[in-house]
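In what follows, a single structure is set out as structure tokens and then discussed.
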Amino acid sequence: MILKALIVDDEPLARQLIEGYCKHLPDIEVVGSVVDVFMARPILETGRVDVLFLDINMPVMSGISFLKSLHTKPITIFTTAYKEHAYEAFDLAATDYLLKPFSMERFLQAIEKAKAALKQQPNTTENFVFLKSDSKLIKLFFDELYYVEAQGNQVKFVTEHSTFNITQTFSSVLELLPASQFVRVHRSFAVNVQKISIIESYRVLLLQKGEVPLGSNFREDFLKMVVSKGGE
Numbered sequence: 072m073i074l075k076a077l078i079v080d081d082e083p084l085a086r087q088l089i090e091g092y093c094k095h096l097p098d099i100e101v102v103g104s105v106v107d108v109f110m111a112r113p114i115l116e117t118g119r120v121d122v123l124f125l126d127i128n129m130p131v132m133s134g135i136s137f138l139k140s141l142h143t144k145p146i147t148i149f150t151t152a153y154k155e156h157a158y159e160a161f162d163l164a165a166t167d168y169l170l171k172p173f174s175m176e177r178f179l180q181a182i183e184k185a186k187a188a189l190k191q192q193p194n195t196t197e198n199f200v201f202l203k204s205d206s207k208l209i210k211l212f213f214d215e216l217y218y219v220e221a222q223g224n225q226v227k228f229v230t231e232h233s234t235f236n237i238t239q240t241f242s243s244v245l246e247l248l249p250a251s252q253f254v255r256v257h258r259s260f261a262v263n264v265q266k267i268s269i270i271e272s273y274r275v276l277l278l279q280k281g282e283v284p285l286g287s288n289f290r291e292d293f294l295k296m297v298v299s300k301g302g303e
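Mapping of the sequence shown onto the numbering used here: position 70 corresponds to residue 141, and the numbering continues sequentially without gaps.
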């Protein structure tokens, strides 16, 4: 397994330290080393990043705020000189939290955690997933799904042929869906970009399945994704 790593840190020496550690490990490839989260976003959107080394205290936007803004969160190892952020980092499901300056031994421990987390991720190369609903399993084909909607402690699935609910958290459902195909457009909605017909200021119209709201907090990232796909 070759881990593709992205390093985000505004301190040159901190980036050099991680890059140096990675050079000693044949199973890690650094695909990017950048100074802020704005340079990191387009690299993440390529889908080539397995693990993100993310500094917390950076100008304009912190690492924690950046991770919160991502609708699909990569395996993340926070790197920081301040231990007081640890609780919030792990609340965001960070894989590890490295306090600067950290040793090669501690770095290796974080890498092993990242490898274990990567193995547990769903294989989205398949075009379907099985969803557990009460005592049965429902086979869901991604290409047939129009959108998902959070409804309390349940998630509603709207497909070409049916509509059904399962008891599961919205965040865990989003992790099951391919990030290259599904995007969050509202705190309660994520849509299949292949099913979009028209995008308006505050709503997204879907082929044959009505519309969903477009939230102001999600509009910018959503439009960037749509534009990037238009150029593929």
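Glycine is no exception: its CB is placed at the ideal position from the N, C-alpha and C atoms.
So, with DSSP's three-state summary, where would you put residue i?
i	result
residue 236	strand
residue 173	coil
residue 121	coil
residue 83	helix
residue 205	coil
residue 294	helix
residue 219	strand
residue 302	Unreliable placement is indicated for residue 302, whose pLDDT of 45 sits below 50; the coordinate value is still reported in the next sentence. DSSP places residue 302 in coil when its eight states are reduced to three.
residue 268	strand
residue 190	helix
residue 88	helix
residue 156	helix
residue 181	helix
residue 74	strand
Does the distance from the C-beta atom of residue i to that of residue j stay below 7 angstroms?
i	j	result
residue 185	residue 146	yes
residue 102	residue 86	no
residue 168	residue 149	yes
residue 129	residue 81	yes
residue 189	residue 121	yes
residue 127	residue 166	no
residue 139	residue 100	no
Give every residue of the same chain whose Cβ lies closer than 7 angstroms to the Cβ of residue i, excluding the five residues on either side of it in the sequence, and list them in chain order.
i	result
residue 244	219 and 226
residue 256	262, 275, 283, 285, 286, 289 and 293
residue 132	108
residue 175	92
residue 198	212, 213 and 214
residue 224	238
In chain order, what residues of the same chain lie with their CB nearer than 6 angstroms to the CB of residue i, ignoring the 5 residues before and after it?
i	result
residue 105	79 and 111
residue 114	77 and 103
residue 266	217, 277 and 278
residue 89	78 and 124
residue 195	Its pLDDT being 48, under 50, residue 195 is placed unreliably by the model, and nothing is read from it.
residue 231	215
residue 200	211 and 247
residue 235	228
residue 134	125, 126 and 127
If I follow the unbroken beta strand (DSSP E) through residue i, where does it start and stop?
i	result
residue 97	Where residue 97 is concerned, there is no enclosing beta strand (DSSP E), given that its DSSP letter is neither H nor E.
residue 246	Not the beta strand (DSSP E): residue 246 falls in the alpha helix (DSSP H), residues 241–247.
residue 225	225–230
residue 274	274–277
residue 148	146–151
residue 255	253–257
Say whether chain B places a C-beta atom closer than 7 angstroms to the C-beta of residue i.
i	result
residue 253	In summary, chain B is missing from the structure at hand, where a single protein chain is found.
Starting from residue i, follow the alpha helix (DSSP H) in both directions and report where the run begins and ends.
i	result
residue 115	108–115
residue 264	Neither: residue 264 is in no alpha helix (DSSP H) and is coded neither H nor E.
residue 213	Element bounds for residue 213: n/a, residue is neither H nor E.
residue 131	Residue 131 -> no alpha helix (DSSP H), and no H or E assigned at all.
To which residues of the same chain is residue i closer than 8 angstroms at the C-beta, ignoring the five residues directly before and after it?
i	result
residue 296	116, 254 and 264
Next item on the list: Would you be able to state if there are at least three C-beta pairs under 8 angstroms between the stretch 132–150 and the stretch 90–100?
Entry: No: the two stretches stay apart, fewer than three of their Cβ pairs being nearer than 8 angstroms.
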